[in-house]
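S.K.:
In this note's numbering, the protein residues as written are 12 to 710.
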């Protein structure tokens with residue numbers, strides 16, 4: 012058994028914190044500090060420290076399962092793979108290629124995401140592929156692409172945050188979702204900078220702020236427009252920058268000026284003095300940043316909302332300059348790379364558009380297929396899930412748990428149950444896997460090598476530290492075996508480095524160009540920032556390698572003319588406003604000890620002790636009207652269903668709002684309630700705001 016430590020990265024969020032793994036008896040590993048990685052400098056949250064617990068055979072899958080007589084029973088790999096291939100072949104024959112859907116995950120490595128997208132389009136011939144990263148940062152991606160011509164979570168490294176003058180953090184509770192990142196904001200304040208947090212709750216992150224703005228959920232767009240109005244009225248527009256580097260200012264300015272401060276106060280609940288103070292703090296230093304997360308993005312107007320915050324950066328001359336700019340705090344471990352290389356319904360590897368003829372030709376040549384044979388764009392994530400059991404009759408699902416994580420979850424669960432064939436590849440028997448016809452046990456982060464792309468756009472190498480248990484195979488092996496059974500004998504290697512070499516060729520020349528990145532470089536460096544083309548810049552010495560691009564847009568934006576675009580947006584209401592029957596707003600989010608749908612973290616004793624179950628956070632005035640005391644069961648009811656959880660009474664939330672974390676299934680499943688109303692551009696569901704009523708539960 013190997014005894015030396017293996018440097019690698021955490022399997023959870025998009026920080027991808029560095030850690031060392033040392034094998035220990037029992038087939039698992041011990042985590043130790045890895046101080047050389049600049050993002051976390053050795054610090055880890057509880058999830059990272061306890062990640063090896065999920066490697067235990069006591070909690071993970073170690074053999075394929077097939078459904079017999081309504082029950083999942085152990086089976087051999089050949090039996091399971093044969094059953095899958097026969098079912099997929101039958102579905103394609105009876106319902107056409109689009110009768111098969113594919114749903115991926117933001118935790119898959121770049122190699123797996125790439126191979127899954129290729130498998131869907133080359134082997135299955137289906138357009139029906141998307142992934143749960145659609146629920147993460149698709150609104151920010153759409154707005155960033157419109158404004159800058161390119162989206163990358165952060166266009167600068169995290170290390171720039173302490174060196175700026177002011178940060179507006181919108182809809183992120185990173186003290187609980189990304190605890191090691193909080194130090195960058197602490198250092199910002201130590202250096203004399205200021206932090207403004209926008210959140211309807213006074214979270215642990217908001218407690219660190221110099222100014223906390225608590226808008227009504229779903230009104231972040233009006234808030235951003237009101238701030239831009241004051242920027243114009245108080246003479247803070249960088250006119251020279253706007254003229255030299257942007258287009259569309261007059262339309263955006265006119266839209267903002269229609270949102271005067273008193274009107275914005277009525278819409279958002281944020282007072283005019285607070286609005287003025289926010290503008291003062293943001294405009295006083297020479298450099299400043301706006302960072303958004305799920306709060307403004309998970310709305311039916313999320314793209315416009317992020318666009319309005321980008322407008323604030325552009326109008327004040329803060330984008331595309333050192334120590335300034337707009338960025339998105341990506342949530343999932345490989346949410347960035349997962350869409351860059353082919354899981355998203357409308358994208359090909361390298362962040363190429365699927366409906367671009369040149370992109371199709373390039374990728375088809377790498378894949379050795381006819382460009383005309385590639386299907387066109389398919390449905391977005393929720394639309395795909397909503398179509399299950401209708402024209403989509405079979406689903407291959409890798410690394411996702413939509414029974415817990417999707418909006419209107421009870422409906423999605425019903426659609427999943429109506430499938431003719433559900434195949435799930437996962438490391439544990441999640442709530443979704445428990446409904447499958449075939450479940451395949453696959454390798455985990457410590458048992459495989461592969462790359463991920465962090466929220467900084469930093470491509471990283473996760474290294475294998477231990478051997479997977481007997482009976483467990485990698486997702487790449489699964490795709491190889493299924494492709495072979497379905498008549499495609501070549502093109503799906505099982506070696507991740509070989510897959511990455513093909514990914515490099517497929518991404519070459521695209522917006523997310525990885526062609527200059529190799530496993531050897533990643534093993535020697537602390538990641539490489541994309542874009543990183545294979546050919547070095549003209550000014551570099553002959554034969555040198557491209558250094559990567561830690562900071563984007565310093566010279567020009569990625570648009571055709573190099574200029575950024577303002578978004579001419581106006582406030583509009585959320586899809587479902589409160590009324591007499593449903594008078595309260597629900598918003599959802601995470602807690603520090605659990606992660607996403609909880610499929611992994613709910614299997615860790617230490618994390619469950621810290622966060623054992625769901626709760627309903629409500630203001631004392633709302634609790635008094637309901638007659639609820641701390642810990643009493645409370646029912647939260649929306650037009651889509653009912654969830655019950657203990658009351659947690661606190662003044663840290665607005666009196667017109669309740670909060671539920673979304674990590675748990677069953678009676679307390681928050682996503683039973685959430686609204687699947689979609690942003691027209693990003694197709695992001697409106698997780699962050701829906702109308703509910705509260706009911707006391709008598710026991």
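Don't be surprised by glycine CBs; every beta carbon is placed ideally from N, CA and C.
Because the structure is a prediction, the values reported are computed rather than measured.
Who pairs with residue 670 in a beta bridge, going by DSSP?
M.R.: Listed as beta-bridge partners of residue 670 by DSSP are 598, 628.
S.K.: Mind checking residue 121: buried by the 16 CB within 10 Å criterion, or exposed?
M.R.: buried
S.K.: If you drop the 5 nearest sequence neighbours on each side, which residues of the same chain put their C-beta closer than 8 Å to that of residue 68?
M.R.: 38, 480
S.K.: Residue 40 and residue 63 - do their beta-carbons sit closer together than 9 Å?
M.R.: Contact flag set, yes.
S.K.: Using a threshold of 9 Å, state whether the C-beta atoms of residue 151 and residue 324 are closer than that.
M.R.: no
S.K.: Near residue 662, what residues of its chain come up, given a Cβ to Cβ distance below 7 Å and the 5 sequence neighbours on each side ignored?
M.R.: 630, 631
S.K.: What's the C-alpha gap between residue 283 and residue 352?
M.R.: 45 Å
S.K.: According to DSSP, is residue 335 helix, strand or coil?
M.R.: Note: residue 335 maps to coil in three-state DSSP.
S.K.: How would you label residue 605, buried or exposed, when you count the other beta carbons within 10 angstroms and need 16 or more for buried?
M.R.: buried
S.K.: Could you give the uninterrupted runs of the alpha helix (DSSP H) lying entirely in the region 201-248, keeping only those of 4 residues or more?
M.R.: 231-244
S.K.: Of all the options 383, 92, 219, which has the alpha carbon lying nearest to the alpha carbon of residue 210?
M.R.: 219
S.K.: Give a yes or no on whether the C-beta atoms belonging to residue 598 and residue 670 are separated by under 9 Å.
M.R.: Yes, they are a contact pair.
S.K.: Within 8 Å, do at least three Cβ pairs link the region 108-121 to the region 409-418?
M.R.: yes
S.K.: Using 8 Å as the threshold, is the region 573-583 in touch with the region 157-166, meaning 3 or more CB pairs across them?
M.R.: yes
S.K.: How about the region 315-331 and the region 433-450: do they share at least three Cβ pairs that are nearer than 8 Å?
M.R.: Result no; under three Cβ-Cβ pairs closer than 8 Å.
S.K.: Once the 5 residues before and after residue 499 are set aside, which same chain residues still bring their CB inside 6 Å of it?
M.R.: 134
S.K.: Using a Cβ-based criterion (distance less than 8 Å to any ligand heavy atom), does residue 131 qualify as near the ligand NAP?
M.R.: The ligand NAP is not part of this structure, which contains no ligands at all.
S.K.: Who are the Cβ neighbours of residue 562 in its own chain at under 7 Å, not counting the five residues just before and after it?
M.R.: 166, 167
S.K.: Taking 8 Å as the limit between beta carbons, can you name the residues of its chain near residue 710, skipping five residues before and five after?
M.R.: Residues 644 of the same chain have their beta carbon placed closer than 8 Å to that of residue 710, with the five preceding and five following residues left out of the count.
S.K.: Thinking just about the alpha-carbon of each residue, which of 31, 15, 70, 45 is nearest to the one in residue 611?
M.R.: 70
S.K.: Determine the extent of the beta strand (DSSP E) in which residue 436 is found, giving its start and end residues.
M.R.: Segment 432-437, the beta strand (DSSP E) holding residue 436.
S.K.: In angstroms with no decimal places, state the Cα-to-Cα distance between residue 349 and residue 169.
M.R.: Going by the C-alpha atoms only, they are around 21 Å apart.
S.K.: Rounded to whole angstroms, what is the Cα-Cα separation between residue 12 and residue 235?
M.R.: Note that residue 12 scores 48 on pLDDT, short of 50, meaning its location in the model is unreliable; the coordinates nonetheless yield the value given after this. If you take the alpha carbons of residue 12 and residue 235, they lie about 56 Å apart.
S.K.: Along the alpha helix (DSSP H) that carries residue 290, what are the first and last residues, could you check?
M.R.: 283-294
S.K.: Here's the rule I'm using: 16 or more other beta-carbon atoms within 10 Å means buried, otherwise exposed. How should residue 701 be labelled?
M.R.: Burial of residue 701 is indicated by the presence of at least 16 other C-beta atoms within 10 angstroms of its C-beta.
S.K.: Helix, strand or coil, according to DSSP, for residue 557 in the structure here?
M.R.: coil
S.K.: Among 534, 413, 523, whose alpha-carbon lies nearest the alpha-carbon of residue 473?
M.R.: Of the candidates 534, 413, 523, the residue whose Cα lies closest to the Cα of residue 473 is 534.
S.K.: Tell me whether residue 51 is buried or exposed, calling it buried when 16 or more other Cβ atoms sit within 10 Å of its Cβ.
M.R.: buried
S.K.: Using CA coordinates, which residue listed in 66, 708, 367, 112 is at the minimum distance from residue 522?
M.R.: 367
S.K.: To which residues does DSSP link residue 47 through a beta bridge?
M.R.: Paired residues: none, contrary to the question.
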